[in-house]
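Here the structure comes first, spelled out in structure tokens, and everything after it is commentary.
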Amino acid sequence: MLMQSSVIKGLLASAKYYLGLIVLLAIGVLASPHDADGGNIFMSGSNLSDVFRQVSNIGIISIGMTLVIIAGGIDLSVGSIMSLGSVLTAMLLTQAGWTGASSFSLAASVPVVGLLAWVTARYLRSNTTTTAASNESRGASNPKVVVAVIAALSAGLGLGIAIAVKLPGKLPLGLVLLVVPLAGCAMGMLNGWIITRGRMQPFIVTLASMVAITGATRLISGQDTAVHAIYSGTNATTDIEALRALLFGIVPVPALFFLGTALIFGFVLSRTVFGKYLYAIGGNEKCARLSGLRVDRHKIATYAISGLLSALVGVLFAAQFRQGKSDAGLGWELDAIAAVVIGGTTLMGGAGRISGTIAGVLIFGFLGNILLLNNIDSNTQLLLKGIIIIVAVFLQQTPLSRLGLTRKSL
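Residue numbers (the working numbering): 31 to 440.
If you want it as structure tokens, here you go:
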């Protein structure tokens, strides 16, 4: 009986974050206008496709934000990094030779890929050596370092050569999809390094980073150029259209990126040691340090992932809207934080899940769509968003018994 009660409590605790989405979908169906043939516009394939396309970008950023918040941090720079990614994408695809975008991308991405290769090589080498052997000879760490350094130099040099070879012309989409997210990863790493090494508040550091990255994006873009247009087939190759395609006539490609990102990091949080460490760090950082966890490394990793995903969204944004803008991500950091909170991730850290974030993203997306279909003005939309955020936080902090969802006997 006690086991059944605990299971019921767990299901109700999880369900309260999805009830809002279910109710919202029902309202959307009932309140939807109809087309000339009497079809429900809200449930039409074209409308659902538009919603999925719109929520995918903010959804990918929200997943990165979920990791950061679970680990006890906050990242206000995601919108600026997304804007940077859109400008870099547009310029790399449309401008040949060495430009501000290509120089910045090379300087940011090559060290990152080298560092990632070094960390990967160290990890693989450490796992191929048994604990007994490592205890017998501490000198075994030297070959590991040598192999890691060689791998890092090779990876970084390989990327640098690939970029240099292509730069007499314009970079292809495949290389842009590699270089731009790595540049965003570098920005995230820098945020994490300053926060952990300087023992500074994440809010202040990422706020300053948001301003600084916006300034850097404008400098790279050019003082007199607000928008870098992408015209596939003229100033850019047609392969950019691959990121705008619809699979089966309804599923936009960005939605596949969103789904893939959600599956990957949902698995990371629930099934890997790294994910468990993030919950421990966010729950009690001091205790995590005393337990021997490498807190600083894990926090830097979360900010690096957040930066990488934000820049990836910049690529998708540039492809969808055929332009790069230095203010493209203005205010997106607030939408991402709101979606994460609505999905049940507490701002105090140590609790949250990717599935909840997906629900929060969809709530915002469908709410905006319902209001748009019913010709509700934008000011009312902002008012309702604020109310939803307050209600979501209230539900997080209110026990089930006070909500009347369980009996005291449970």
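Even glycine gets a Cβ: it sits at the ideal position worked out from N, Cα and C. These numbers were taken from a predicted model, which means no experiment stands behind them.
Presumed contact (8 Å Cβ cut-off) between V421 and S92, rounded CB distance: Going by Cβ atoms, the distance from V421 to S92 rounds to 18 Å, so no, they are not a contact pair.
Local Cβ density within 10 Å of T161, reported as buried at 16 or more and exposed below that: Confidence in T161 is poor, its pLDDT being 42 and thus under 50, which makes the residue's placement unreliable; the coordinate value appears in the next sentence. Burial call: exposed.
Can you list, in chain order, the residues of its chain with a C-beta nearer than 8 Å to that of L273? Leave out the 5 residues immediately preceding and following it. L203, V283, P284, V345, L346, A349 and Q350
Separation of V98 from R301, as counted between CA atoms: 18 Å
Between the Cα of V241 and the Cα atoms of Y309, I90, L360 and T129, which residue gives the shortest distance? L360
For the beta strand (DSSP E) that Q353 lies in, which residues bound it at each end? Q353 to K355
Compare the C-beta of R327 against all C-beta atoms of chain B and say whether one is closer than 8 Å. Judged by its chain identifiers, the structure shown contains no chain B, having just a single protein chain.
Taking the Cβ atom as the reference point for each residue, do I260 and T124 lie within a distance shorter than 8 Å? yes
Per DSSP, what are the beta-bridge partners of N70 in this structure? H64
Anyone know if the C-beta pair for G115 and A341 falls short of 8 Å? yes
Output the distance between the C-alpha atoms of G290 and M121, rounded to the nearest integer angstrom. 27 Å
In angstroms with no decimal places, state the Cα-to-Cα distance between L413 and G214. 32 Å
Using the Cα positions of L401 and T129, report the straight-line distance between them to the nearest angstrom. 43 Å
Sort L320, F72 and I52 by Cα distance to V59 and report the nearest one. F72
Measuring only the C-alpha atoms, how far is I388 from L51? 10 Å
Using 10 angstroms around the beta-carbon of E166, count the other beta-carbons present and answer buried if the total reaches 16, otherwise exposed. Only weak support is given to the placement of E166: the predicted model assigns it a pLDDT of 42, under 50, and the value that follows is read from those uncertain coordinates. That one is exposed.
So, under 8 Å CB-CB, T247 and S356 are touching, yes? Tell me the CB distance rounded to an integer number of Å. 4 Å
Endpoints, beta strand (DSSP E) assigned at A259: V257 to A259
With distances taken Cα to Cα, identify the nearest neighbour of L55 among I406, F424, G390 and I419. G390
In chain order, what residues of the same chain lie with their CB nearer than 6 Å to the CB of G94, ignoring the 5 residues before and after it? I335, S336 and L339
On the DSSP letters alone, give me the boundaries of the alpha helix (DSSP H) that N404 sits inside. N404 -> no alpha helix (DSSP H), and no H or E assigned at all.
Contact set for E271: own chain, Cβ-Cβ below 6 Å, skip 5 residues either direction: S262
Based on Cα-Cα distance, which residue from G354, I280 and Y307 lies nearest to S76? I280
What span of residues does the alpha helix (DSSP H) with P211 cover, start to end? L203 to R227
Can you tell which of V303, N221 and T264 has its C-alpha closest to the C-alpha of V243? The sequence given here places Ile at residue 243; Val does not occur at that position. Checking every option, the nearest Cα to that of I243 belongs to N221.
For P282, the residue or residues it bridges with in DSSP: L276
Which whole-angstrom value is the C-beta distance of A318 and A331, which I expect to be below 8 Å? That pair is no contact at about 14 Å.
Pick helix, strand or coil for S321, following the three-state DSSP scheme. coil
For S107, name the three-state secondary structure that DSSP assigns. coil
From the DSSP output, in three-state form, read off A341 for me. helix
So G379 packs on G102, CB below 8 Å; how close in whole Å? 3 Å
Thinking C-alpha only, which one of G416, T226 and V142 is nearest I367? G416
Under a three-way DSSP split, which group does A246 fall into? helix
Supposed close pair D105, Y333 - CB separation, criterion 8 Å: 6 Å
Round the Cβ separation of I419 and I393 to the nearest angstrom and send it over; I've been treating them as touching at under 8 Å. In fact, because the Cβ distance is near 10 Å, the residues do not count as touching under 8 Å.
Mapping DSSP to helix, strand and coil, what is A266? strand
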